[in-house]
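S.K.: The UniProt record's numbering applies: residue 1 is where the sequence shown begins, and numbers increase by one.
C-beta atoms are modelled at their ideal positions from N, C-alpha and C, and glycine is treated no differently.
Quantities reported herein were computed from a predicted structural model and do not represent experimental measurements.
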Amino acid sequence: MDENAKCRHQWLIEFAKTPDSLEKFAAVLDATLKEVNSDYEAKRWKDIALQPLEVIVARPGLFHDWLAQKGKLGGQHKIPRLSNTREYIEEMLPLNNRID
Numbered sequence: 001m002d003e004n005a006k007c008r009h010q011w012l013i014e015f016a017k018t019p020d021s022l023e024k025f026a027a028v029l030d031a032t033l034k035e036v037n038s039d040y041e042a043k044r045w046k047d048i049a050l051q052p053l054e055v056i057v058a059r060p061g062l063f064h065d066w067l068a069q070k071g072k073l074g075g076q077h078k079i080p081r082l083s084n085t086r087e088y089i090e091e092m093l094p095l096n097n098r099i100d
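1. Starting from the C-beta of His9, find all residues in its chain whose C-beta is less than 6 Å away, skip the five residues before and the five after it, and write them out in chain order.
2. Does the contact criterion of 3 or more C-beta pairs under 8 Å hold for the segment 42-58 versus the segment 23-30?
3. With distances taken from CA atoms, which of Arg59, Lys34 and Gly74 is nearest Arg98?
4. For the beta strand (DSSP E) containing Ile13, list its first residue and its last residue.
5. Starting from the N-terminal side, write out each stretch of the beta strand (DSSP E) that is 3 residues or longer and does not extend beyond the segment 33-77.
See the structure below:
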């Protein structure tokens, strides 16, 4: 959230191959979301309610490590894809910056 209380989507993505331009990838993702989701488009219109989205590159193995930390490795456990709170991302960001 910025100083004007505007939010943004944060996308934490573990790429098989990181795009040459994260800015271009984020712009295409943003445009695609606007095309397929009218609510997102309305909130992004002139950045009134939502700022441009942010793409964060996840280090290889981040999601595996997060599941292991939670004791949830195995076929019955999955990474949450969406959240209305910052709970998951706040747990994952410090792990993303960890160097083993």
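M.R.: Let's see:
1. Answer for His9: Leu53, listed in chain order.
2. Because the criterion of three Cβ pairs below 8 Å is met, the segment 42-58 and the segment 23-30 touch.
3. Taking the Cα of Arg98 as reference, the smallest distance to any Cα among Arg59, Lys34 and Gly74 is reached at Arg59.
4. Counting along the chain, the beta strand (DSSP E) containing Ile13 begins and ends at Gln10 to Ile13.
5. Here the runs fully enclosed are 54-57.
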